[in-house]
Ligand code: IMP
Ligand code: ZN
């Protein structure tokens, strides 16, 4: 890793990104380019993304964040060209930030031009083309895809997402890029353990015959942090938990999470800027979990297009606010290796890159 004087070069640090929502990762600049092309072609009446989401505005909270997608960005990213442009730019930006392995996640959705399945196939094709451009297996960034079930989905939609993941994986090498499922979406939907609705699907994803990786958003908000919900989610045997914020008062829940040795995907800037944690960066639960034996920690950006902090900056913030030295930062970056969903060969590639 390159050093700059005594300072660390956080971009040069090889990094693993396991918690990035595709649509939330598209930069405003890219959204603007897509909008401009459509505007000039007379294909959109939407307002300019740079007006709707001005550069520097990152203070979205749980109330304003979700409608941004459903009432704006999804209406812009509807056709194959726009979706290819978006995912290609997202990959370019993660590469430029020194990410060597990326698990993007996205919610399969019908767009008006494309079915939910066609949307996912466009993404896979664009990701394959991007990797080929950079030398295939020799590409400096390897990207995989996780399909998200949204808490607002019904059971039939969740079933169709699992079936799609299974179908794609059975089609051969290129489509094996789909490595897992996620549960995401507005944490105030289906409170008090209502996500148990998805047990027939998400409870099956990690087991035979599917054997998919499973990651779930847990306790982002008080409403989604109940003991009942944790018990349901852990019953699905996830390999990773996203956020894990509202368990401070529940020691038993914290002990159970630690005992299972799960990977915790922690997204500092998103949590702080959206007001999901108290006490700013210093008060972030990264400080708690780093002192607990058992869990592996993985820093993620969640939605870099919205919150504006690339992964390199997340490492810089952690070093600054929790006083981590260079060796501790490198060790933190390596913790995620064994929790990726991309298989043994990929883990070995990461060890070769990161254990220097
Ligand atoms: P997409 O799945 O690629 O369309 O990315 C955007 C979607 O990801 C949003 O509509 C949300 O459902 C989900 N998402 C993004 N960030 C979060 C988060 O922090 N918590 C829960 N869901 C999220
Ligand atoms: Zn998330």
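Residue numbers (the numbering used here): 334 to 689.
From the three backbone atoms N, C-alpha and C, an ideal C-beta is built for every residue, glycine too.
Bear in mind that the values here come from a model prediction, so they are computed numbers and not experimental data.
Let me check understanding here. Comparing Cα to Cα, which of the options lies closest to residue i?
i, options, result
"residue 620", "600, 634, 637 and 635", "600"
"residue 615", "555, 652, 425 and 438", "652"
"residue 358", "418, 664 and 674", "418"
"residue 344", "646, 351 and 597", "646"
"residue 353", "622, 493, 575 and 367", "575"
"residue 472", "429, 499 and 441", "429"
"residue 592", "605, 618 and 622", "622"
"residue 451", "497, 667 and 675", "497"
"residue 638", "393, 494 and 523", "393"
"residue 389", "606, 667, 668 and 628", "606"
"residue 342", "680, 662, 669 and 668", "662"
"residue 629", "643, 657 and 664", "664"
"residue 644", "666, 384, 522 and 654", "666"
"residue 395", "648, 610 and 669", "610"
"residue 385", "627, 377, 405 and 649", "405"
"residue 408", "468, 511 and 380", "380"
"residue 446", "413, 485 and 372", "413"
"residue 364", "347, 669, 573 and 382", "382"
"residue 448", "411, 469, 580 and 420", "411"
Following the continuous beta strand (DSSP E) through residue i, name the residue where it begins and the one where it ends.
i, result
"residue 753", "Because the chain here runs from 334 to 689, residue 753 falls outside it and cannot be looked at."
"residue 548", "546-551"
"residue 630", "629-632"
"residue 703", "A query on residue 703 cannot be resolved here, the shown segment of the chain reaching from 334 to 689 and no further."
Name the one or two DSSP bridge partners that residue i has.
i, result
"residue 438", "354 and 479"
"residue 381", "DSSP, once it has assigned bridges, lists no residue as partnering residue 381."
"residue 359", "Residue 359 is not bridged to any residue."
"residue 432", "348"
Grab the span of the alpha helix (DSSP H) containing residue i for me, first residue to last.
i, result
"residue 672", "Taken as a continuous stretch (DSSP letters only), residue 672 belongs to no alpha helix (DSSP H), as it is neither H nor E."
"residue 576", "Where residue 576 is concerned, there is no enclosing alpha helix (DSSP H), although the beta strand (DSSP E) it sits in stretches over 573-576."
"residue 647", "644-655"
"residue 422", "413-429"
"residue 460", "449-466"
"residue 590", "584-592"
"residue 562", "560-568"
"residue 533", "532-538"
"residue 397", "395-401"
Taking 8 Å as the threshold (beta carbon to beta carbon), is residue i in contact with chain C?
i, result
"residue 512", "In the displayed structure, chain C is absent; only one protein chain is listed."
Would the segment 630-647 count as touching the segment 353-372 if we require 3 or more Cβ pairs under 8 Å?
yes
Ordered list of alpha helix (DSSP H) runs contained in the segment 476-529, each at least 4 residues:
Counting whole runs of 4 or more residues, the segment 476-529 contains the alpha helix (DSSP H) stretches 488-503.
Specify whether the segment 466-478 and the segment 417-437 touch according to this definition: at least 3 beta carbon pairs, one from each stretch, less than 8 Å apart.
yes
Below 8 Å, can you find three or more Cβ-Cβ pairs linking the segment 510-518 to the segment 539-559?
They touch, by the three-pair rule.
Whether or not the segment 413-430 and the segment 451-463 are in contact is what I'm after, with contact meaning three or more pairs of Cβ atoms, one per stretch, closer than 8 Å; do they touch?
Enough Cβ pairs lie closer than 8 Å, so yes.
Uninterrupted beta strand (DSSP E) stretches inside the segment 594-636 (no shorter than 3 residues)
596-599 and 629-632
Check whether the segment 529-539 touches the segment 502-509, taking contact to mean three or more Cβ pairs, one atom from each stretch, closer than 8 Å.
no
Inter-stretch contact (C-beta, 8 Å, three-pair minimum) for the segment 549-563 and the segment 580-599:
Segments in contact, yes.
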